[in-house]
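Numbering (the numbering used here), first residue to last: 2 to 371.
Below is one structure, written out as structure tokens; the observations come after it.
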Ligand code: SMG
Ligand code: MG
């Protein structure tokens, strides 16, 4: 048990090496909240996966900042002595807001593990010390540019290519990438851009031997995903629709997906993410680790999670060079075999470099018990 002395919030911005476009918008820089939690015993870090706008989910940076400052942090201070496994129940008086909650769950867990000198990977139950990496390729300005980008990532060693798709260019683009690369593990992610009436598109995509189709329909349409899954051969993977282990169980039992993307921030943090992993494992459904273009803080967190046994497919955690010229932490470098090492230092195993953090920080606020 330990007491939280302070929570320091940083809003940071780092330019992306190349714009990232999905079916819902384009980013040219990474803007997110980092929380530095200081306890009586140690300091821990948590990265909030929300974005500038509430497009991927209902949460967004300014909302998450107020949620943490005005509701979640005061509840943690009021709780007194605490351990990471209790944080979610202390915060459960707030409905939803998993990304804001995850920031604090993860930071408190990081501090706790650093105080014990134990790595996050070992705490979670890691079974490997390297993780297979895929890369998520944004919607490109043209098919030629897309083919060039894919070739570049494959040359670097990435083991799975995921293409962001949107209505209009989907079949042509995916077909071109498949034709140029008949053997690779290839998947697509629609970020909820389609409706069940678009079933003909998915039947056409069936011809390309895709590893999966990620989140084709609206995030609330789990039932419609089950109807779609009955009609197509390719496995559906759910991302946005899964907010908890209970959601994962319901979606799998309903036949709405045969693969689950786990993003710890989307489900309220590392401890719920491990429960999603366990439910999928029990139902013999493979999972893989999603990404939210995290800085080195969030990506080191994800690498520890991705070392659990049921993470059976290459994830979206890519090397630093895929995102940033200058990250907050030391660069994560892809090995020629397309893997990244699981951090083995205490907690998440990395810390933001103070100089780089200062250079990236747009705003800071220190929260303490009143
Ligand atoms: O971290 O490399 C990454 C990004 C992976 O495609 C990615 N994430 O829906 O899976 C997804 C998207 C969400 C982020 S959109 C800004
Ligand atoms: Mg996705």
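A virtual CB, placed ideally from N, CA and C, is assigned to each residue, including glycine.
If you're wondering where the values come from, they're calculated on a predicted model, not measured in any experiment.
Alpha carbon to alpha carbon, how far is residue i from residue j?
| i | j | result |
| --- | --- | --- |
| residue 20 | residue 63 | 22 angstroms |
| residue 354 | residue 363 | 16 angstroms |
| residue 340 | residue 48 | 23 angstroms |
| residue 15 | residue 325 | 7 angstroms |
| residue 204 | residue 232 | 8 angstroms |
| residue 281 | residue 191 | 22 angstroms |
| residue 299 | residue 318 | 10 angstroms |
| residue 109 | residue 327 | 26 angstroms |
| residue 114 | residue 237 | 36 angstroms |
| residue 179 | residue 211 | 9 angstroms |
| residue 35 | residue 3 | 21 angstroms |
| residue 144 | residue 273 | 39 angstroms |
| residue 159 | residue 251 | 32 angstroms |
| residue 292 | residue 263 | 9 angstroms |
| residue 127 | residue 107 | 17 angstroms |
| residue 314 | residue 7 | 38 angstroms |
| residue 361 | residue 33 | 10 angstroms |
| residue 320 | residue 370 | 38 angstroms |
| residue 206 | residue 59 | 29 angstroms |
| residue 125 | residue 177 | 40 angstroms |
| residue 147 | residue 174 | 8 angstroms |
| residue 189 | residue 304 | 22 angstroms |
| residue 166 | residue 208 | 16 angstroms |
| residue 133 | residue 82 | 38 angstroms |
| residue 351 | residue 301 | 7 angstroms |
| residue 241 | residue 220 | 5 angstroms |
| residue 122 | residue 201 | 43 angstroms |
| residue 289 | residue 131 | 14 angstroms |
| residue 153 | residue 277 | 33 angstroms |
| residue 94 | residue 261 | 27 angstroms |
| residue 235 | residue 215 | 10 angstroms |
Classify residue i as buried or exposed, calling it buried when 16 or more other Cβ atoms lie within 10 Å of its own Cβ.
| i | result |
| --- | --- |
| residue 96 | exposed |
| residue 67 | exposed |
| residue 168 | exposed |
| residue 135 | buried |
| residue 163 | buried |
| residue 213 | buried |
| residue 183 | exposed |
| residue 343 | buried |
| residue 1 | The shown model of the chain, from 2 to 371, leaves out residue 1, and the question about it has no answer. |
| residue 312 | buried |
| residue 171 | buried |
| residue 111 | buried |
| residue 37 | buried |
| residue 29 | exposed |
| residue 323 | buried |
| residue 84 | exposed |
| residue 65 | buried |
| residue 79 | exposed |
| residue 217 | buried |
| residue 366 | exposed |
| residue 356 | exposed |
| residue 86 | exposed |
Who does residue i pair with in a DSSP beta bridge?
| i | result |
| --- | --- |
| residue 28 | 21 |
| residue 213 | 188 |
| residue 163 | 137, 188 |
| residue 325 | Beta-bridge pairing links residue 325 to no other residue. |
| residue 33 | 13 |
| residue 93 | Residue 93 pairs with nothing; no bridge assigned. |
| residue 362 | 13 |
| residue 316 | 134 |
| residue 341 | 132 |
| residue 104 | Paired residues: none, contrary to the question. |
| residue 48 | 35 |
| residue 288 | 261, 312 |
| residue 369 | 7 |
| residue 40 | 5 |
| residue 120 | 348 |
* Would you be able to state if there are at least three C-beta pairs under 8 angstroms between the segment 263 to 278 and the segment 243 to 250? => Because the criterion of three Cβ pairs below 8 angstroms is met, the segment 243 to 250 and the segment 263 to 278 touch.
* Continuous alpha helix (DSSP H) assignments of at least 4 residues falling wholly in the segment 58 to 90 -> 62 to 67, 74 to 80
* Asked: Which runs of the alpha helix (DSSP H), 4 residues or longer, sit entirely within the segment 215 to 273?
  -> Here the runs fully enclosed are 223 to 232, 246 to 255.
* **Segment contact flag, the segment 332 to 349 with the segment 51 to 59, C-beta cutoff 8 angstroms, min 3 pairs** => No: the two stretches stay apart, fewer than three of their Cβ pairs being nearer than 8 angstroms.
* Asked: Between the segment 85 to 101 and the segment 329 to 340, are three or more C-beta pairs nearer than 8 angstroms?
  -> The answer is no - the segment 329 to 340 does not touch the segment 85 to 101, with fewer than three Cβ pairs under 8 angstroms.
* **Stretch pair the segment 14 to 29 + the segment 186 to 200: three plus CB contacts closer than 8 angstroms** => Yes, since at least three Cβ pairs between the segment 14 to 29 and the segment 186 to 200 fall closer than 8 angstroms, the two stretches touch.
* To do: Would you check if the segment 37 to 45 and the segment 170 to 189 touch, i.e. whether three or more CB-CB distances between them fall below 8 angstroms?
  => no
* How about the segment 72 to 89 and the segment 276 to 290: do they share at least three Cβ pairs that are nearer than 8 angstroms? -> no
* To do: Assess, as a yes-or-no matter, whether the segment 253 to 260 is touched by the segment 215 to 228 under the definition of 3 or more beta carbon pairs within less than 8 angstroms.
  => yes
* Asked: Between the segment 140 to 150 and the segment 112 to 120, are three or more C-beta pairs nearer than 8 angstroms?
  -> no
* **Contact set, the ligand SAH heavy atom to C-beta under 7 angstroms** => Ligands in the displayed structure: the ligand SMG and the ligand MG; the ligand SAH is not one of them.
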